[in-house]
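Worksheet: one structure, shown below.
Numbering (our numbering), first residue to last: 16 to 300.
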């Protein structure tokens with residue numbers, strides 16, 4: 016049986032929604048997490064399938080389309096197959112290359128267009144008033160990509176609302192991975208609090224894509240419109256978080272790095288501190 020979380024009006028569908036059989040028989044591209052697949056039901060649909068697929072991604076897509084001029088794939092349906100436990104997000108099939116495929120082939124005018132389109136849309140999203148918490152638009156716990164995507168919660172498991180919550184969760188996560196002796200841990204967390212508390216809380220939070228890799232930025236065939244995909248990790252995060260995620264995952268192999276600062280405000284202090292966190296979490300110090 017199918018349980019629908021969202022279904023677009025019939026008049027907005029380019030064709031009847033694909034059946035489970037049609038989806039499962041279509042061409043699939045495996046993702047990093049083996050339980051999740053991207054399936055192409057040509058010519059109209061792309062479907063994200065898996066038990067770990069989160070319906071919040073669909074909510075984020077609808078949110079971004081409502082509050083910005085960004086091109087975001089249309090969400091046609093979000094449902095669960097109760098017989099298999101799989102979740103399905105049925106989306107618009109966007110034709111065109113990703114930035115990672117063509118960036119070095121673009122001229123300056125085309126690159127400038129990509130940056131300006133991203134800046135306009137992202138600035139619009141960042142102006143949406145904060146709900147007063149960190150995490151998903153419906154209050155889901157935040158996901159910190161710097162701790163390998165593990166969810167982090169506020170103190171005592173409560174909703175994360177303050178900069179103190181955010182920093183405590185980060186430090187507790189790193190301490191669990193690579194413990195410091197108590198004195199050094201206390202000193203380190205105090206430094207983090209001094210530098211981040213005032214800029215990390217829910218009142219300062221801005222809506223953030225949180226996964227602006229080149230592979231998630233497409234140039235649509237026909238009109239060269241920039242399309243953002245993969246809204247799985249999106250939500251309300253500290254103002255520096257988008258820049259940090261984008262710059263820290265850049266491969267630094269071309270001038271894409273220069274263009275990042277054309278559509279995102281740089282946050283150098285927070286970036287260096289987060290590189291410190293990454294070293295602590297992954298390697299210990």
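Glycine included, C-beta positions come from ideal geometry on N, C-alpha and C.
Two segments are said to touch when three or more pairs of C-beta atoms, one from each, lie closer than 8 Å; by this definition the stretch 243 to 253 touches the stretch 77 to 94.
DSSP, read as helix, strand or coil, puts residue 152 in coil.
Minimum Cα-Cα distance from residue 261 among the listed residues 153, 151, 232, 25 corresponds to 232. Counted as a single uninterrupted DSSP element, the beta strand (DSSP E) harbouring residue 93 occupies residues 90 to 96.
The way I'd put it, the stretch 90 to 107 doesn't touch the stretch 124 to 132; fewer than three beta-carbon pairs between them come closer than 8 Å.
DSSP places residue 187 in the helix class (H, G or I) of the three-state scheme.
Counting of Cβ neighbours within 10 angstroms places residue 44 among the exposed residues, the total staying below 16. Residue ranges of uninterrupted beta strand (DSSP E) with 3 or more members, entirely inside the stretch 55 to 117 and ordered along the chain, are 60 to 65, 90 to 96, 101 to 107.
Annotated as proximal: residue 54 and residue 64, with beta-carbon spacing under 7 Å. Comparing alpha carbon positions, the residue from 37, 41, 57 closest to residue 29 is 57.
DSSP places residue 300 outside any beta strand (DSSP E), giving it a letter other than H or E.
In this structure residue 149 is in contact with residue 252, their Cβ atoms being roughly 6 Å apart against a cut-off of 8 Å. In the three-state reduction of the DSSP assignment, residue 35 falls in the helix class, which pools H, G and I. It is roughly 14 Å from the alpha-carbon of residue 143 to the alpha-carbon of residue 153. Assigned with DSSP and collapsed to three states, residue 18 falls in strand.
Taking residue 175 as reference, the option from 71, 300, 293, 212 with the minimal CA-CA separation is 212.
Taken atom to atom, the span from the alpha-carbon of residue 106 to that of residue 62 is near 6 Å.
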